[in-house]
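K.L.:
One structure coming up, written as structure tokens, with questions to follow.
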Amino acid sequence: MSSTPSATHKVAIIGGGPAGLMAAEVLVAQGIKVDLYDAMPSVGRKFLLAGKGGMNLTHTEASTPFLSRYGARAAQIAPMLDSFGPEALRAWVHELGIPTFVGSSGRVFPTDMKAAPLLRAWLKRLRDAGVTFHMRHRWLGWDDKQTLRFSTPAGEMTVPADAVVFALGGASWARLGSDGAWLPLLAQHGIDSAPLKPANCGFDIAWSTHFQERFAGQPVKSVIASCTDIDDKEIKRQGECVITSTGIEGGLIYALSAPLREQIAKNGSATLHLDLAPGKAYERVLAEVAAGRGSRSMSSHLQSKVGITGVKAGLLRECASKEDYADSKKLAQAIKALPLKLMATRPIDEAISSAGGVLFEALDKHLMAQKMPGVFCAGEMLDWEAPTGGYLLTACFATGRNAGLGAAAWLQAKAD
Numbered sequence: 001m002s003s004t005p006s007a008t009h010k011v012a013i014i015g016g017g018p019a020g021l022m023a024a025e026v027l028v029a030q031g032i033k034v035d036l037y038d039a040m041p042s043v044g045r046k047f048l049l050a051g052k053g054g055m056n057l058t059h060t061e062a063s064t065p066f067l068s069r070y071g072a073r074a075a076q077i078a079p080m081l082d083s084f085g086p087e088a089l090r091a092w093v094h095e096l097g098i099p100t101f102v103g104s105s106g107r108v109f110p111t112d113m114k115a116a117p118l119l120r121a122w123l124k125r126l127r128d129a130g131v132t133f134h135m136r137h138r139w140l141g142w143d144d145k146q147t148l149r150f151s152t153p154a155g156e157m158t159v160p161a162d163a164v165v166f167a168l169g170g171a172s173w174a175r176l177g178s179d180g181a182w183l184p185l186l187a188q189h190g191i192d193s194a195p196l197k198p199a200n201c202g203f204d205i206a207w208s209t210h211f212q213e214r215f216a217g218q219p220v221k222s223v224i225a226s227c228t229d230i231d232d233k234e235i236k237r238q239g240e241c242v243i244t245s246t247g248i249e250g251g252l253i254y255a256l257s258a259p260l261r262e263q264i265a266k267n268g269s270a271t272l273h274l275d276l277a278p279g280k281a282y283e284r285v286l287a288e289v290a291a292g293r294g295s296r297s298m299s300s301h302l303q304s305k306v307g308i309t310g311v312k313a314g315l316l317r318e319c320a321s322k323e324d325y326a327d328s329k330k331l332a333q334a335i336k337a338l339p340l341k342l343m344a345t346r347p348i349d350e351a352i353s354s355a356g357g358v359l360f361e362a363l364d365k366h367l368m369a370q371k372m373p374g375v376f377c378a379g380e381m382l383d384w385e386a387p388t389g390g391y392l393l394t395a396c397f398a399t400g401r402n403a404g405l406g407a408a409a410w411l412q413a414k415a416d
């Protein structure tokens, strides 16, 4: 009779975010000894900070558009979402005793909008199941015997493990623990990664001093943003964004950050177009702009006829030329497609998430490294990205679960 992996084996999980915690859950449920290590004083720090404005867990969008949010990596993410997608995630949250609701945008939140109660309930369940947590343990790589090395408050220590699940995050919000320091450590062992880049990020625009001082911090509501990807395919999204002292950010911009970032990488800059009057066709805007304004100023005319006021009026003045204002057709075109020149992404540490990471091509379908059997990777450290709206967390949970199940299956195969 074959032995089970739980009888003799131990799994080390490195990283205490959602992916690492989910891997721990599926492993300990099979009776496997699980030790979780994290460099920070407590786990789930980025998870908690992300939930400060409302813990957006997942999204009720239909499966096809939901999957499309993962772009070039949709095919790799798909089987993991089939196994543990939005509905399964929501049911799992309910099992923890946390009720949820669906917002008007289709996003799913805990009823109290908070991350902390969910994390507390989850950690209690994990500890009760037998997961051992080791805080302030920073992974340093492997020694010459392929034993894990950690820096701890008591000095450097080594830890043997029969399998390892890495869930070390990307490189955004480094103060919370995800600093990308693992890249060269994995590369030394043939686990290839794509460079980490900012995702769901803001962009730099060379605002005039006048515009910057007057409008920085103000939201731009009810606009349609559009850009083209590197294949010249147009992408449009409707929503809100925020003017910053250095440029522009917010949910609408984050949704387009991948194609905008790639355009900048390819061409040195990117053009984002804003439709400042999304509820009106160009012909109607043209008619309103061209209507007689008598003694009124153009600003008053645009406010009364087209509804262009406040920060929208400021943007139009900032980005449209004097010649545009003198030509009704050009002014109407600017209102419907105001071009903003984006010069650079904001630094990766300011980004909500990061793109790049361990290549799926370096892993098998269970997220085990092809060149290091028994080593699994999960979460944001994998080479994928998605916009905000619950897509990031959903894939972190799903990849963590897949890596945990993969580790258990690998150990079982060794035991048989």
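Sequential numbering from 1 applies to the sequence shown in UniProt numbering.
We put the beta carbon where it would ideally sit given N, CA and C, even for glycine.
1) Beta carbon of residue 55, beta carbon of residue 114: below 8 angstroms?
2) Tell me which residues share the same chain as residue 194 and place their Cβ nearer than 7 angstroms to its Cβ, disregarding the 5 neighbours each side in the sequence.
3) To the nearest angstrom, how far is the alpha carbon of residue 398 from that of residue 235?
4) Locate the alpha helix (DSSP H) running through residue 22, then write down its first and last residues.
5) Looking at C-alpha atoms only, which residue of 63, 153, 258 and 411 is the closest neighbour of residue 40?
6) Can you tell me the Cβ-Cβ gap for residue 334 and residue 349, rounded? I've got them flagged as a contact below 8 angstroms.
7) With DSSP as the reference, please indicate the residues paired to residue 198 in a beta bridge.
8) Is it buried or exposed for residue 230, if we count other Cβ within 10 angstroms and need 16 for buried?
9) According to the neighbour-count rule (16 or more other Cβ atoms, all chains shown, within 10 Å of its Cβ), is residue 59 buried or exposed?
10) Please report the straight-line C-alpha distance between residue 272 and residue 262, rounded to a whole angstrom.
11) Spatial neighbours of residue 76 within its chain, please: C-beta separation below 6 angstroms, excluding the five flanking residues on both sides.
12) In angstroms, rounded to a whole number, what distance separates the CA positions of residue 400 and residue 409?
13) Considering only residues of the same chain and omitting the five flanking positions on each side of residue 215, which have a CB-CB separation below 6 angstroms?
14) Any idea if residue 420 is buried or exposed, counting beta-carbon neighbours within 10 angstroms, 16 or more meaning buried?
15) Among 381, 414, 69 and 395, which has the Cα closest to the Cα of residue 196?
16) If you drop the 5 nearest sequence neighbours on each side, which residues of the same chain put their C-beta closer than 7 angstroms to that of residue 345?
17) Run through DSSP, which three-state label would residue 146 get?
18) Where does residue 232 fall in DSSP's three states?
19) Going by DSSP in three states, residue 84 sits in which element: helix, strand or coil?
20) Below 8 angstroms between beta carbons: does that hold for residue 29 and residue 129?
21) Could you tell me which residues DSSP puts in a beta bridge with residue 253?
22) Which residues does DSSP pair with residue 101 in a beta bridge?
23) Quick check on residue 85: buried or exposed, where buried means 16 or more other Cβ atoms within 10 Å of its Cβ?
24) Would you grab the beta carbon distance between residue 158 and residue 148 for me? Rounded to a whole angstrom, and I think it's under 8 angstroms.
25) Please tell me whether residue 102 and residue 93 are closer than 8 angstroms, where the distance is taken between their beta carbons.
26) Looking at the structure shown, is residue 273 part of a helix, part of a strand, or coil, going by DSSP?
27) For residue 285 and residue 240, I'd like the C-alpha separation in whole angstroms.
28) If I measure Cβ to Cβ from residue 226 and keep anything under 7 angstroms in the same chain, skipping five residues before and after, which residues do I get?
29) Taking 8 angstroms as the CB-CB limit, is residue 232 close to chain D?
30) So the candidates are 212, 253 and 245; which of them puts its Cα closest to the Cα of residue 223?
31) Quick check on residue 13: does DSSP put it in helix, strand or coil?
32) For the beta strand (DSSP E) that contains residue 157, what are its first and last residues?
33) Figure out for me which residue from 213, 137, 119 and 192 has the closest Cα to the Cα of residue 48.
34) Taking 7 angstroms as the limit between beta carbons, can you name the residues of its chain near residue 421, skipping five residues before and five after?
P.N.:
So, from the data block:
1) Against a cut-off of 8 angstroms, the Cβ pair of residue 114 and residue 55 comes out as a contact.
2) 356, 357, 359 and 383
3) Distance between the alpha carbons of residue 398 and residue 235 is about 27 angstroms.
4) 18-28
5) Taking each of 63, 153, 258 and 411 in turn and checking the Cα distance to residue 40, the smallest one comes out for 153.
6) Contact flag wrong, Cβ pair sits at about 35 angstroms.
7) 354
8) exposed
9) buried
10) 13 angstroms
11) 360
12) 14 angstroms
13) 243, 311 and 314
14) No information on residue 420 is available, as it lies outside the stretch 1 to 416 that the chain covers here.
15) 381
16) 198, 201, 203, 261 and 264
17) coil
18) coil
19) Assigned with DSSP and collapsed to three states, residue 84 falls in coil, not helix or strand.
20) yes
21) Per DSSP, none; premise fails for residue 253.
22) DSSP, once it has assigned bridges, lists 109 as partnering residue 101.
23) buried
24) 7 angstroms
25) no
26) Three-state DSSP puts residue 273 in a strand.
27) 21 angstroms
28) 234, 235, 236 and 273
29) This model lacks chain D altogether; it includes just one protein chain.
30) 253
31) The answer is strand: DSSP assigns residue 13 an E or B state.
32) 155-159
33) Selected option, being the one with the closest Cα: 119.
34) This structure cannot speak to residue 421, because the chain is shown only from 1 to 416.
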